[in-house]
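FYI, the numbering for the sequence shown is 4 to 72, going by my numbering. Backbone N, C-alpha and C define an ideal beta-carbon position, used for all residues, glycine too. Each remark here refers to the structure printed beneath this line.
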Amino acid sequence: MAACNEKAVLIVTRQVPDTATNVARRRIELSCQLTLGHSGPHRDMQHGEEWESTSSPVATLFRHEDEEG
Ligand SMILES: [Zn+2]
Numbered sequence: 004m005a006a007c008n009e010k011a012v013l014i015v016t017r018q019v020p021d022t023a024t025n026v027a028r029r030r031i032e033l034s035c036q037l038t039l040g041h042s043g044p045h046r047d048m049q050h051g052e053e054w055e056s057t058s059s060p061v062a063t064l065f066r067h068e069d070e071e072g
């Protein structure tokens, strides 16, 4: 069965200590593994992320990551 394969980019941000600045730390490419024509948000099971369709060709998601790890 064909997969949706919708692409998105997840930017993981991290706060710079003692400032209010967030910097991009990692960039992860997502792709939807649900069946082509599925309803609801797209989902990348490998990375455990979901996103809604947007009008832009590639959706961009942001996730904040804390100091540890
Ligand atoms: Zn999809």
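Can you check whether the CB of residue j is closer than 8 Å to the CB of residue i?
{"i": "Val61", "j": "Val15", "result": "no"}
{"i": "Arg28", "j": "Cys35", "result": "no"}
{"i": "His67", "j": "Asn8", "result": "no"}
By alpha-carbon positions, which one of the options ends up nearest to residue i?
{"i": "Thr63", "options": "Glu32, Pro44 and His50", "result": "Glu32"}
{"i": "Gln49", "options": "Leu37, Gly43 and Pro20", "result": "Leu37"}
{"i": "Met4", "options": "Lys10, Arg17 and His41", "result": "His41"}
Per DSSP, which one or two residues make a beta bridge with residue i?
{"i": "Asp69", "result": "Asp69 is not bridged to any residue."}
{"i": "Glu12", "result": "As written in the sequence, residue 12 is Val, which differs from the Glu given in the question. Note: Val12 sits in a beta bridge opposite Glu32 and Thr63."}
{"i": "Thr38", "result": "Ala6"}
{"i": "Ala27", "result": "Thr16"}
{"i": "His45", "result": "Trp54"}
Express the C-alpha separation of residue j and residue i in angstroms, rounding to a whole number.
{"i": "Ser56", "j": "Arg30", "result": "19 Å"}
{"i": "Gly43", "j": "Trp54", "result": "9 Å"}
{"i": "Thr22", "j": "Phe65", "result": "19 Å"}
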